[in-house]
Structure formats: structure tokens, C-alpha cells
Amino acid sequence: MITCIFENGNKASLRHAVVDVLVLKDGKILLVKRVKQIIEGGKWSIVGGFVEHDETLLEAAKREVFEETGWEIENLKLLFIQDGPRKNEGNRQSIAFVYTADGVIQTGKHDWEEDKIEWFNLSNLPDQSDIAFDHYDHIQRYLKDQTK
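Taking the working numbering, the leading residue of the sequence shown gets 1, the next gets one more, and so forth.
Below you can see the structure in the form of C-alpha cells.
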């Protein structure tokens, strides 16, 4: 939740928007291992983060992928919108716009929030307990959609 102060001085706690991106290439998915000192540290996750001020969802998705992995992407497609409040996350409630994208080329390095990045075969993922947040569910939803 974020606290907004309106023109009349009233305050409200509002949910914020995030983007999550399943970066795919040659039947594999790119996962990042989060550094231990941040939330869900030591676990794998798909790429994602907050949408910044004056940024579109697609701009945010491309920026987050590049910042966290150094990879450039194309063919961004909206997979689904996760808008449930997920009460177990307390004040970290967000609306997630979940995309798929094709990994094109790595032209940079990952940032400080990631211990490492790795491509995983979609049929050989880390254990669900080793994947942060609800990202395991995001991947499973993608796989289910592929079998339709």
C-alpha cells in the first residue's frame, strides 16, 4: 500500500501497480535469485518490480528486465492481471500485470538485488518452496495456458 495525499489534504492508502515478466527463450524461463537481505531473499523469482511515475506498463516491464538481468526483450504479451489483495502480504498489496516476453540478447549485467540469474527448463523448475511470492503460480498458469 502507498499513502497518497490529495489536494484537499485527505490521505488514502492505495494499492500500487507492479509488472512481472516471464522471460522465455528456447523452452526455458529466466529466473533471478534474490539476494538474502531483501524480502524473499535467497529464493528464485521471475523478473518484476514497481511501475515508476510517468512510466507505462510496457516501459516498466522492459526496464525491470534489463535492470535485473541485463537482457533485452521483445514480443511482450499480457498473460493476466493479478488483482486479488493477497491479505497475507500486509501492506505489500499490489496489482500485478503479468507478461510473457522473448529474451533477445543480454547486453548488460544484473543489479544488486539479484545474486544470480539462470535459465531453467520449464519442465525442471526449482521446488515451489524455493520460488518467491506467488511466482510459481504465475509460471504454472502460463504452462496451463500453453496446453489449451
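Glycine is no exception: its CB is placed at the ideal position from the N, C-alpha and C atoms.
Kindly examine the ligand GDP and report whether one of its heavy atoms sits closer than 8 Å to the Cβ of residue i.
| i | result |
| --- | --- |
| residue 38 | Summarising the ligand content, the structure contains no ligands, and the ligand GDP is consequently not present. |
Which residues does DSSP pair with residue i in a beta bridge?
| i | result |
| --- | --- |
| residue 94 | 16 |
| residue 102 | 24, 74 |
Around the C-beta of residue i, are 16 or more other C-beta atoms found within 10 angstroms, so that it is buried, or is it exposed?
| i | result |
| --- | --- |
| residue 21 | buried |
| residue 114 | buried |
| residue 68 | buried |
| residue 12 | exposed |
| residue 53 | exposed |
| residue 109 | exposed |
| residue 94 | buried |
Measure the alpha-carbon distance for residue i versus residue j and round it to whole angstroms.
| i | j | result |
| --- | --- | --- |
| residue 97 | residue 81 | 5 Å |
| residue 141 | residue 99 | 11 Å |
| residue 19 | residue 137 | 15 Å |
| residue 26 | residue 33 | 20 Å |
| residue 35 | residue 124 | 22 Å |
Assuming residue i and residue j make a contact with CB atoms under 8 Å, what is their CB distance in whole Å?
| i | j | result |
| --- | --- | --- |
| residue 31 | residue 103 | Incorrect: roughly 12 Å between the Cβ atoms, too far for contact. |
| residue 101 | residue 61 | 7 Å |
| residue 64 | residue 48 | 6 Å |
| residue 105 | residue 29 | About 17 Å; that fails the 8 Å criterion. |
For this session: Could you tell me whether the segment 128–139 touches the segment 106–119, where touching means 3 or more Cβ pairs closer than 8 Å?
Result: no
Exercise. Should the segment 27–47 be regarded as contacting the segment 2–10, the criterion being three or more beta carbon pairs within less than 8 Å?
Worked result: no
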